[in-house]
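Residue 360 in our numbering is what sits at position 360 of the sequence shown, and the numbering runs on without skipping anything. Data first, discussion second: the structure below is written as structure tokens.
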Amino acid sequence: MKIGIIGAGAAGLAAAFDLTEKGHDVTVYESAPFVGGQASTIPVGGSSLERGYHHLFTNDEAILDLMEDLDIYDHMKWYPSKVGTYTSGKVYKTTTPIDLLRLDAIPIIDRIKLGLFAMRVKRIKDWKLLEDQTADFWLRERLGGMAYEKVWAPLLKGKFGDFYDQIGMPWFWSKIQTRFASRQGIRQREMLGYPDGSFDTIFDKLQASIKSKGGEIHISTPVIKINVVDDVATGLKTVTPDGEEFDRDFDCILSTVPSFSFPDLVDLPFEYKERLSSVHYLAAVVVILEMTDALTDFYWMNIADPDIPFLGLIEHTNMLPKEWYGGNNILYMTNYLDREDPIYALSQDELLDLYLPHLNKFNPKFQRSWIKATHYNALSAAQPIIGTNYSKVIPDHRTP
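Structure below.
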């Protein structure tokens, strides 16, 4: 079959790899001038660095299996992660269960409840039993107290904003399962995966394999329409890098664009379109700082403080060698927010003016002069709002 794929992110390239392996004639179109989507990279200090922070957990089996199929599994390396949480004006180490017992921002009884609650959620095997309940309701009812108000409530509100009380409990359940799966040893240290050479290693090998089997990948070539004849998709209309519109026939079309963008490409039955539009996506803004000094000792900093205008700090070089990036310390400042949020419209300099004064809360010695370079990236579809009974609103992959 001749198959056209819209999007050269992880999903599009993985599908193209699988389909070319099965002997299909595949062409991939990507509107951006690069492949990789949200895991695409920029050059930093002689190496490649993801525009948005990325790592793998030990149970990310689909990607690990893909790397094995690509014969690059040995490029995945595992590193111990150090996690902190900022709450009540202080940074706490929250890497292991023992660390939770030292979280004196909440009473000792709530610290114990926090750990026991996580164990209780871990023992739940069937997430479908939780589908009709929100995480907010479930945590209030079964955890409650300061453990919820000082830890989980601020994190939910920080990640989902006004939608925090709509998030289905299966989302929270999956996070607990993932975290526990990545913990090893008697101390329960979390191990995270990162490929040698960045995630480019995966995308480069995918592209090489696809092209070696006759597949095509066209970047800077947006798809503007899915051509349809008698209710059957027959091809794609694209715009070439030179600005010319071009039609190409296909037997099958695979789209990997966000749900809210897909209806712009093709007329769809009302009910199917309604199901697509029923899922709201949050955007993300990510600021990357190349710095002379490390801000903290932690790789991942949860921020449970509503007065801080970003959700998290990820210090990439507190897990990976800074020598990979010309000796610079790499810090991601990240935020999820609605596309209508005024922060989403801010420029890089405006974001820095908003964010940087808060970094002294994590390290009083921080100075703006530490910053050697800044990179900014905005994503329009970073996080879907996964509400209750979410599995029931997901449309079939095959359009009507």
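Yeah, the Cβ is synthetic: ideal placement off N, Cα and C, and Gly gets one too.
Taken through DSSP and simplified to helix, strand or coil, LEU268 comes out as coil.
For LYS372, the uninterrupted beta strand (DSSP E) run begins and ends at 371-384, by DSSP.
C-alpha of ASP25 to C-alpha of ALA304: approximately 49 Å in a straight line. Distance from the Cα of ILE343 is smallest, within the candidate group GLY45, ILE112, VAL285, LYS122, for VAL285. Within 10 angstroms of the beta-carbon of SER380 lie fewer than 16 other beta-carbons, which makes it exposed. Secondary-structure assignment with DSSP links SER47 through a beta bridge to VAL44.
The Cβ atoms of LEU56 and LEU66 lie no closer than 9 Å to each other.
Within the same chain, Cβ atoms closer than 6 Å to the Cβ of GLU30 are found at ALA8, ILE219, the five residues on either side in sequence being excluded. Approximately 5 Å separates the beta-carbon atoms of PHE163 and ILE385; this is inside 8 Å, confirming the contact. Using a C-beta cut-off of 8 Å, the stretch 67-75 makes contact with the stretch 196-211, since at least three inter-stretch Cβ pairs fall below that distance. PRO80 sits in a strand when the DSSP states are folded into three classes.
It is roughly 48 Å from the alpha-carbon of ASP249 to the alpha-carbon of PRO321. When the alpha-carbon of LEU139 is set against those of GLY161, GLN166, ASP104, the nearest one is in GLN166. DSSP, reduced to helix, strand and coil, places HIS54 outside both helices and strands of the structure shown, so it counts as coil. With contacts defined by Cβ atoms closer than 9 Å, THR256 and ILE6 form a contacting pair. By the C-beta density criterion, SER198 is buried, having at least 16 other C-beta atoms within 10 angstroms. Residue environment for ILE210: buried (at least 16 other C-beta atoms within 10 angstroms of its C-beta). Taking one beta carbon from each stretch, the stretch 354-374 and the stretch 236-252 have fewer than 3 pairs nearer than 8 Å; the two do not touch. Exclusion of the five residues before and after THR94 leaves VAL83, GLY84, THR85, LEU100, LEU103, ASN302 as the residues of its chain whose Cβ lies within less than 8 Å of its Cβ. Rounded to whole angstroms, the separation of the alpha carbons of SER278 and LYS392 is 11 Å. THR134 is classed as buried because its beta carbon has at least 16 other beta carbons within 10 Å across all chains shown.
Within the model, the alpha-carbon separation for THR178 versus LEU192 is close to 11 Å. Residue environment: ARG111 is assigned as buried (16 or more neighbouring CB atoms within 10 Å of its CB, all protein chains considered).
Counting along the chain, VAL121 sits inside the alpha helix (DSSP H) bounded by residues 108-122.
Under the 10 Å beta carbon count, PRO195 is surrounded by 16 or more other beta carbons and is classified as buried. For ALA294, the closest of LEU282, GLN367, PHE137 by C-alpha to C-alpha distance is GLN367.
C-alpha of THR399 to C-alpha of TYR272: approximately 8 Å in a straight line. Boundaries for ASP249: no alpha helix (DSSP H) harbours it, while the beta strand (DSSP E) harbouring it runs 245-249, taken from the DSSP string.
The C-beta distance from LYS213 to THR27 rounds to 12 Å, too long to meet the 8 Å contact threshold. Fully enclosed alpha helix (DSSP H) runs of no fewer than 4 residues occupy 153-160 of the stretch 142-171, in order along the chain.
Where ALA15 is concerned, the enclosing alpha helix (DSSP H) starts and stops at 10-21. Annotation: PHE137 to ALA118 spans about 16 Å, alpha carbon to alpha carbon.
In this structure, ILE288 places its C-beta atom within 9 Å of the C-beta atom of TYR376. With contacts defined by Cβ atoms closer than 9 Å, LYS159 and LEU311 form a contacting pair. Taking the CA atoms as reference points, TRP300 sits about 22 Å from PRO43.
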